[in-house]
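Working notes, beginning with the structure itself.
Number of protein chains: 2
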Amino acid sequence: MKFAVDAMGGDNAPHEIVKGSVEAVKEYGIGVVFTGDREKIEEELKKYEYPKELIEIIGTTEVIGTDEAPVMAIRKKKDSSLKVAMDLVRDGKCEGVVSAGSTGALLAGGLFVIGRIKGIERPALAPVMPGRKGNFMVIDVGANTDSKPSNLHQFAHMGKVYFESILGYVNPRIGLINIGAEAEKGNELTKETYKLLSEDPELNFAGNVEPRDIPEGEVQVLVADGFVGNTVLKMFEGTFSSMMKVIKDGLKESFQGKIGGLLIKGPLKETLKKYDYKETGGSAFLGLKGTVIKAHGSSDARAFKNALRQAKKQVDSGFIEKFTDEIGKYMLQ
Amino acid sequence: MKFAVDAMGGDNAPHEIVKGSVEAVKEYGIGVVFTGDREKIEEELKKYEYPKELIEIIGTTEVIGTDEAPVMAIRKKKDSSLKVAMDLVRDGKCEGVVSAGSTGALLAGGLFVIGRIKGIERPALAPVMPGRKGNFMVIDVGANTDSKPSNLHQFAHMGKVYFESILGYVNPRIGLINIGAEAEKGNELTKETYKLLSEDPELNFAGNVEPRDIPEGEVQVLVADGFVGNTVLKMFEGTFSSMMKVIKDGLKESFQGKIGGLLIKGPLKETLKKYDYKETGGSAFLGLKGTVIKAHGSSDARAFKNALRQAKKQVDSGFIEKFTDEIGKYMLQ
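Residue numbers (our numbering), protein chains in the order written: chain A, 242 to 574; chain B, 242 to 574.
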């Protein structure tokens with residue numbers, strides 16, 4: 242199993258990307274093809290011992306920045322590290338691609354270079370997030386805006402197959418993110434989508450889920466338009482990080498708080514480990530003919546290694562075949 | 242200054258509603274007209290000493306439940322505590338209404354009984370929330386879904402006048418909630434709204450604000466469609482409360498965590514005080530010809546008293562007159 246790695250993407254490229262990939266190669270026995278500045282990649286590789294036959298480099302001359310218009314960049318920068326990595330998947334030379342670079346360019350490349358599974362209207366970006374009682378996936382978190390009900394219906398099936406094949410759930414609960422619990426609540430999109438989901442016998446539909454309940458993690462697959470899903474994801478991250486700062490600063494204001502703060506430091510770190518994106522891997526871009534994982538832009542070696550582990554898991558699970566089968570069975574008839 | 246109080250609305254009606262209102266009457270010198278079950282209200286009132294001339298009761302026979310279709314309920318239940326309270330504002334007998342009952346019915350009543358300020362397309366529900374660096378308002382949090390750009394443009398002006406007149410800010414920063422920082426990011430609604438806001442010389446427009454940055458509280462007025470705004474509000478509350486449970490449970494798992502947890506309890510409570518909705522009052526429903534405050538459904542006496550304080554502040558500030566003036570000057574020409 243071989244993955245294309247965009248060695249130039251992310252804040253810590255190429256050093257942390259190369260380091261994490263080498264660790265993944267050694268730990269998981271996967272092969273890696275780096276795309277990017279050959280000289281720089283070779284320089285990084287010199288630092289490590291690794292099985293030579295499992296790592297290749299394809300030298301490229303361009304890099305797509307996070308501030309570039311994504312579709313244009315993918316079309317014009319044909320020798321960019323990301324585009325060439327995508328080509329490797331399209332041509333069947335790699336099973337998937339992992340990048341910590343521009344999300345927009347990754348989405349554009351996934352769509353236009355790798356391509357959609359037949360029958361899929363809109364691929365979706367779908368991170369798995371840590372809830373209090375269990376993991377949950379928000380699908381979509383920004384690959385699409387102004388989605389249609391049929392798009393969200395497909396997202397529900399994507400999430401279902403993901404939880405079944407990759408995470409080993411039986412009949413995962415599917416929820417529709419909405420601003421009220423009742424069927425008739427929400428906007429035009431959610432009202433129509435509610436009907437589609439509730440009438441689909443293949444889905445274990447739990448009804449509307451209000452954003453307040455999402456962090457509890459009682460429903461596994463949470464379907465939403467990308468604008469709303471992205472808002473959920475970013476509010477989750479933003480509230481968490483802002484709260485931590487508030488608590489930290491607040492405890493510093495009294496002697497008792499300071500002492501207590503020192504004592505809880507270790508236990509708290511342990512407790513909050515599951516909220517560390519470096520442990521959880523990246524966001525899967527689902528609905529494509531290849532495995533595409535977006536690693537966090539500020540990924541270090543550990544985070545990138547885990548993103549590659551996630552890519553391997555997705556291929557191991559046969560997700561794409563199973564999902565293609567699901568779409569063929571239930572949605573193209 | 243007199244306010245209509247829906248004595249039957251909320252989880253703790255009428256006892257906490259009556260108690261909080263009596264406290265508000267004594268503390269702020271306002272008058273209160275209770276609408277609801279006369280007998281029950283009188284029974285509660287017996288428990289307290291208060292200036293008799295400042296409290297009246299109008300007996301009503303119906304109550305609107307939180308599970309009823311709002312518009313229908315407001316139209317049919319003409320002798321409900323909420324509808325009669327709204328009538329008092331419409332007829333100029335009270336300056337405003339405060340209710341802890343059904344949000345939907347409050348919105349419907351505001352719209353159909355009290356009515357919009359001339360020129361206002363859509364009134365909006367707008368809570369002020371505690372950010373790390375300062376308070377911020379999300380407008381709208383659910384009075385409207387499928388909003389138009391011109392609606393959001395008016396929300397920006399409502400928020401501006403609110404921060405200037407009620408909270409004493411000079412030229413508050415206005416942001417558009419969006420899933421990317423650049424002007425061309427987002428959905429059809431945000432792209433169009435961005436243009437309107439950035440071209441309006443009366444607004445101190447700070448551009449797009451990503452949900453991740455909202456809890457920091459650096460931008461005062463955050464404009465959004467009600468579906469997105471509600472998602473922001475509920476994710477803020479849900480993530481906060483879920484996190485607190487995670488931390489509490491996590492600290493219990495080790496001896497050191499337990500001791501530290503005991504020590505930080507007091508300082509933490511002090512630090513997190515500003516996140517207690519019981520302190521902050523309710524959500525203002527803006528754009529109407531009267532002051533309408535939605536108190537939290539589970540309000541106790543303290544929370545309800547603070548909602549009345551907020552109503553008084555809004556009337557004191559001349560918000561409605563100032564906003565009517567603003568709308569007349571900049572948006573009807």
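For every residue, glycine included, the Cβ atom is placed at its ideal position computed from N, Cα and C.
Note that the coordinates shown come from a computational prediction; the quantities given were computed from them, not determined experimentally.
When DSSP builds the beta bridges, which residues end up paired with residue i?
{"i": "Ser340 of chain B", "result": "B:Lys535"}
{"i": "Phe219 of chain B", "result": "Because chain B spans 242 through 574 in this model, residue 219 of chain B falls outside it and cannot be assessed."}
{"i": "Arg357 of chain A", "result": "A:Leu529"}
{"i": "Ala365 of chain B", "result": "B:Leu527"}
{"i": "Val450 of chain A", "result": "A:Ile418"}
{"i": "Ser322 of chain A", "result": "None; Ser322 of chain A has no bridge partner."}
{"i": "Asn445 of chain B", "result": "B:Arg414"}
{"i": "Leu463 of chain B", "result": "B:Val379, B:Gly416"}
Under 7 angstroms between beta-carbons, which chain A residues line up against residue i? List them in chain order, please.
{"i": "Val473 of chain B", "result": "Thr472, Met476"}
{"i": "Gly507 of chain B", "result": "Gln497"}
{"i": "Val464 of chain B", "result": "Under the 7 angstroms cutoff, chain A gives no residues; its nearest Cβ is about 14 angstroms from Val464 of chain B."}
{"i": "Ile488 of chain B", "result": "Leu509, Thr512"}
{"i": "Ile500 of chain B", "result": "Leu504"}
Residues in its own chain within less than 7 angstroms of residue i by CB, not counting five upstream and five downstream?
{"i": "Val304 of chain B", "result": "Met249, Ser321, Ser322"}
{"i": "Ile452 of chain B", "result": "With the sequence shown as reference, residue 452 of chain B is identified as Pro, and Ile is not the correct amino acid for it. These residues qualify, in order along the chain: Ile418, Val473."}
{"i": "Val325 of chain B", "result": "Thr276, Ile299, Thr301"}
{"i": "Gln574 of chain A", "result": "Because the pLDDT at Gln574 of chain A is just 49, under 50, the model does not fix this residue reliably, and the value given afterwards should be weighed accordingly. Closer than 7 angstroms at the Cβ level, and outside the excluded window around Gln574 of chain A, lies no residue."}
{"i": "Ala397 of chain B", "result": "Ile415, Leu438, Leu444, Val462, Val464"}
Check the Cβ of residue i against every Cβ in chain B and list those closer than 7 angstroms, keeping chain order.
{"i": "Arg453 of chain A", "result": "Lys475, Glu478, Gly479"}
{"i": "Arg373 of chain A", "result": "Ser483, Lys486, Val487"}
For the alpha helix (DSSP H) containing residue i, name the first residue and the last one.
{"i": "Ile568 of chain A", "result": "560 to 571"}
{"i": "Leu437 of chain B", "result": "429 to 439"}
{"i": "Asn547 of chain A", "result": "542 to 557"}
{"i": "Leu504 of chain B", "result": "496 to 512"}
{"i": "Thr521 of chain A", "result": "518 to 521"}
{"i": "Glu257 of chain B", "result": "256 to 269"}
{"i": "Pro456 of chain B", "result": "Where Pro456 of chain B is concerned, there is no enclosing alpha helix (DSSP H), given that its DSSP letter is neither H nor E."}
{"i": "Ile305 of chain B", "result": "Note, Ile305 of chain B: premise wrong, no alpha helix (DSSP H); not H, not E."}
{"i": "Ile315 of chain B", "result": "311 to 317"}
Considering only residues of the same chain and omitting the five flanking positions on each side of residue i, which have a CB-CB separation below 6 angstroms?
{"i": "Gly569 of chain A", "result": "none"}
{"i": "Glu283 of chain A", "result": "none"}
{"i": "Lys281 of chain B", "result": "Pro255"}
{"i": "Lys563 of chain A", "result": "Val402, Ser406"}
{"i": "Arg331 of chain A", "result": "Val354, Ile355"}
{"i": "Lys515 of chain B", "result": "Pro371"}
{"i": "Val588 of chain A", "result": "Residue 588 of chain A is absent from the model: chain A starts at 242 and stops at 574."}
Could you name the residues of chain A that residue i contacts, counting a contact when the two beta carbons are closer than 9 angstroms?
{"i": "Thr307 of chain B", "result": "Chain A residues near Thr307 of chain B: none, gap ~10 angstroms exceeds 9 angstroms."}
Can you give the beta carbon distance from residue i to residue j, rounded, assuming they're within the 8 angstroms contact cut?
{"i": "Asp517 of chain B", "j": "Asn253 of chain B", "result": "About 16 angstroms; that fails the 8 angstroms criterion."}
{"i": "Ala552 of chain A", "j": "Phe244 of chain A", "result": "6 angstroms"}
{"i": "Ile420 of chain A", "j": "Gly427 of chain A", "result": "6 angstroms"}
{"i": "Gly498 of chain B", "j": "Gly491 of chain B", "result": "7 angstroms"}
{"i": "Gly345 of chain B", "j": "Pro390 of chain B", "result": "No, Gly345 of chain B and Pro390 of chain B are not in contact; Cβ-Cβ is about 25 angstroms, not under 8 angstroms."}
{"i": "Ile415 of chain A", "j": "Asn445 of chain A", "result": "6 angstroms"}
For residue i, which residues in the same chain have their Cβ closer than 8 angstroms to its Cβ, ignoring the five residues on either side in sequence?
{"i": "Val379 of chain A", "result": "Ala367, Pro368, Met370, Ile418, Ile455, Leu463, Ala465, Gly470, Val473, Leu474"}
{"i": "Phe526 of chain B", "result": "Leu347, Leu348, Gly351, Pro364, Ala365, Leu366, Ala367, Ala384, Val533, Ile534, Lys535"}
{"i": "Leu577 of chain A", "result": "One cannot answer for residue 577 of chain A here, as it falls past the ends of chain A, which runs 242 to 574."}
{"i": "Leu503 of chain A", "result": "none"}
{"i": "Leu437 of chain B", "result": "Pro390, Ser391, Leu393, His394"}
{"i": "Glu511 of chain B", "result": "none"}
{"i": "Glu297 of chain A", "result": "Gly272, Val273, Val274, Phe275"}
{"i": "Ser524 of chain B", "result": "Leu366, Ala367, Pro368, Val382, Ile534, Lys535"}
{"i": "Gly501 of chain B", "result": "Leu492"}
Under DSSP, the beta strand (DSSP E) around residue i begins and ends at which residues?
{"i": "Glu297 of chain B", "result": "296 to 300"}
{"i": "Ser388 of chain B", "result": "Taken as a continuous stretch (DSSP letters only), Ser388 of chain B belongs to no beta strand (DSSP E), as it is neither H nor E."}
{"i": "Ile380 of chain A", "result": "376 to 380"}
{"i": "Pro371 of chain B", "result": "369 to 371"}
{"i": "Lys243 of chain B", "result": "243 to 247"}
{"i": "Leu417 of chain B", "result": "414 to 418"}
{"i": "Gly277 of chain A", "result": "272 to 277"}
Name the chain B residues whose beta carbon is nearer than 8 angstroms to that of residue i?
{"i": "Glu457 of chain A", "result": "Gly479, Ser483"}
{"i": "Leu492 of chain A", "result": "Ile505, Pro508, Leu509, Thr512"}
{"i": "Ile420 of chain A", "result": "Gly383, Thr386, Gly467, Phe468, Asn471, Thr472, Lys475"}
Under 9 angstroms Cβ-Cβ, which residues of chain B neighbour residue i?
{"i": "Glu429 of chain A", "result": "Thr386, Asp387"}
Listing by chain order, which chain A residues have their CB less than 8 angstroms from the CB of residue i?
{"i": "Lys469 of chain B", "result": "The sequence given here has Val at residue 469 of chain B, not Lys. Phe468, Val469, Thr472, listed in chain order."}
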